[in-house]
Every structure is written in C-alpha cells, then in structure tokens.
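Engineer:
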Amino acid sequence: MSSNQPLFLNEEQVRKHLRMADLIPAMEKALIDFSAGKVIQPVRSVISVDPPGGFLGLMPALTPDGLGLKAVTFYPSNAERGIPTHMATIFLVDPETGTPLAVMDGRLITEMRTAAVSAAATKLLALPDAKILAILGSGVQARSHAEALRLVRNFEEIRVWSLTREHAERFAKEISAKAMSAEDAVRDADVVVTATNSKAAVLKGSWLKPGCHVNAIGACRPDWRELDDEAMANVVFVDSREAALKESGDIILSRAKIYAELGEALAGKVPARTNETTIFKSLGMAVEDIAAAMLVYRSATKAKIIRKPGSQKKKF
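If you use this note's numbering, the sequence shown corresponds to residues 56 to 371, in order.
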C-alpha cells in the first residue's frame, strides 16, 4: 500500500485503538487549546431533514493536533427503529499537504469523547468526595458517562431515570444502579448527568443539592430544553460560548449567564467554583473529534508500523 493511501477504520477498529483513560486527558488538552484561541473552528453547520426530523451537522477544525472534519447525523426517531440516533464519519488530513490520512467511523468517537469531556468537567468541578451519581437517560451517552465518570470519582451509588421505565430498569441492571423517578434520582446526588432526547425540561433546579455538579448533554437545538430556568441560574460552564449562544436552548431560552468555557477553568484562568452548584452545558466540538481521531490514527499507524517494519507510513 502506498504511503499516501488513507486508512479506513470501521467502528470495531476504532474501538481497538481508543481507551477512555487516554481520552480524558486528550479532551482536557483540546478544550484548553480551544479556549486559548489555538483552534480554528467554525460553529457547526446544521441542515434540518424534515421529515423525519433529522439533522446533518458538519464540523471542521484545524487544531494543534490535526486537521479534519466530522459529518454527523442526529435522527431521534431512530430510537424507535432500534438503530443509533447519532451516526458519524471523521475525515483526517495532513495539515502540511492536505493529503487524506484517514476516514473513520465517528459514532463511537462521538459517544466516547462526549463522556470523556464530561469526565474532565466532573474531575474539575464536582466535589472531591462525590458519592452519588444520578443519570437521566438510558441510551449510549448514559452508558458511556457511567463508564467515564467512574474513572474520576468513586461513586458508592448510581441512580437512573429514563422517559421509558423499562429502559431505565434494563440500564440500571447493566451498571448495578437503581431505577427511580427523576426527582428521587437527583435529590441529594453529588453529580447529575442529563442525556435524553427530551425537548422540554426534565431536570428542575429545586431538586439540586447545593454544591452538586450537572453535566447537561442533550438539548442540542436552540428550542430544546433539558434543564429548567432555576437549574440554569447556577454557575454555568460551556465548551464554546459561541456555540452555546447559537445552539443551546437551555442557555438561550433561560437567558442564562455563561460564567466561563470549561477550557478556561481547566487552564486555571478562572476559578472552578467547586463548592457551588455548577452546570456544564456540553454541545460537542470538532476539536474534540479531531483529538480523539488522532489518538486512534496514531495507535493504528503505530500498530501497522510494528507489523510491517518496512512501511513508510508517516507518524503524527
């Protein structure tokens, strides 16, 4: 194979080369780079596909790590078909020459990097002795968050709620958690995750324990909500100010004041305010996808070089 032939990696191949423990520090670096102005990244371009109510998003970025693009689709109705609501493809190119390096499945990367970013937020913003985790949602993001957040805090209890009781009970059994009402799950919880397809608020601020930390993952459209106004009146962190003011219904409709980007707090430019109730509104950014894809690419090309000592494959 010639050295300029791009790698093609399916989801299972991506899975072999991506570990959550490596991904969390990579996401911390990506967020710091973004907030320090070291990344060229336009806000996600979104096309609505109606019917059936789906979206196609295009997410390019030039980062200190690499250059590339993610194309992602979000079709909430796919949940009824038993297929993923999010699907994606990531395209990496050589920043020096524009030569294609890799085309890889981005569904798993999207799932894992989102949870890794929440883990970075939780590591920084949640109380060090956080013991109770509440997860609202029971899909792939809920599962991925259960894995990632356990790497940064020692939870003694995990509580689960979902719009569909049966899904909540199945998910709770999988991760040794307890299924209960949303209010019961959130009350006294130290860390909360909202990862639903809901278009209306499922989390009330009145349920939140003072000093708890919330990772708000769903509601990625300007007219969708997961958190009510009272919840959004707390200390709000975002991944990108520009994106949050364009895409987040939780921010836009509540007129919430954004305290800081997560990257600013990770870099120590603003206090983390750990003892206060904090909300991290996550929308997802191309810089995260490029960083995750570069981890996969480096690992895959290294494995190829080890197998084929004569290979001229360029390493990044």
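Heads up, the beta-carbon is just placed ideally off N, CA and C, and yes, glycines get one too.
(1) Pull up the DSSP beta-bridge partners for Gly-384, would you.
(2) Exposed or buried, what is Asp-294 when buried is set at 16 or more other beta-carbons lying within 10 Å of its beta-carbon?
(3) Given this structure, state the Cα-to-Cα distance separating Arg-220 from Pro-155, to the nearest angstrom.
(4) Tell me which same chain residues have a C-beta within less than 7 Å of the C-beta of Lys-259, skipping the five on either side of it?
(5) Which residue from Ala-320, Thr-332, Glu-83 and Arg-70 puts its Cα closest to that of Ala-288?
(6) Identify every residue that forms a DSSP beta bridge with Asp-160.
(7) Does the distance from the CB of Glu-281 to the CB of Thr-249 come in under 7 Å?
(8) Quick check: what's the CA-CA separation for Thr-169 versus Ser-337?
(9) Based on Cα-Cα distance, which residue from Ala-256, Val-269, Leu-218 and Ala-255 lies nearest to Gly-243?
(10) Do you know how far the Cα of Ile-145 is from the Cα of Val-247?
(11) Taking just the CA atoms, how far does Ser-261 sit from Met-340?
(12) Taking the C-alpha atoms as reference points, what is the distance between Ala-189 and Leu-206?
(13) Residues in the same chain with beta-carbon distance under 7 Å from Ala-81, minus the five sequence neighbours each way, listed in chain order, please.
(14) Quick one, are the C-beta atoms of Glu-343 and Ala-85 less than 7 Å apart?
(15) From Ala-327, Leu-300 and Arg-296, pick the residue whose C-alpha is nearest to that of Ser-90; which is it?
(16) Taking just the CA atoms, how far does Arg-136 sit from Ala-256?
(17) Pick helix, strand or coil for Ala-255, following the three-state DSSP scheme.
(18) On the premise that Ala-134 lies in contact with Gly-161, defined as a C-beta separation below 8 Å, what is that separation, rounded to the nearest angstrom?
(19) Considering only DSSP beta bridges, list what Thr-216 is partnered with.
(20) Assign Val-104 to buried or exposed, taking buried as 16 or more other Cβ atoms, counted over all protein chains shown, within 10 Å of its Cβ.
(21) Report the three-state DSSP secondary structure of His-72 (helix, strand or coil).
(22) Is the beta carbon of Val-215 closer than 7 Å to that of Ala-203?
Structural biologist: Let me lay it out:
(1) This structure does not reach residue 384, given that the chain is present from 56 up to 371, and the question cannot be answered.
(2) buried
(3) 46 Å
(4) Asp-283, Glu-285 and Ala-286
(5) Thr-332
(6) Thr-144
(7) yes
(8) 8 Å
(9) Reading off the sequence shown, one finds Asp at residue 243, where the question assumed Gly. The residue with the shortest Cα to Cα distance from Asp-243 is Val-269.
(10) 30 Å
(11) 30 Å
(12) 16 Å
(13) Ala-346, Ala-347 and Leu-350
(14) yes
(15) Arg-296
(16) 25 Å
(17) coil
(18) The pair is not a contact, with the Cβ atoms about 19 Å apart (cut-off 8 Å).
(19) It is worth fixing the name first, because residue 216 is Trp in this sequence and not Thr. According to DSSP, which records beta bridges pairwise, Trp-216 is partnered with Leu-191.
(20) exposed
(21) coil
(22) no
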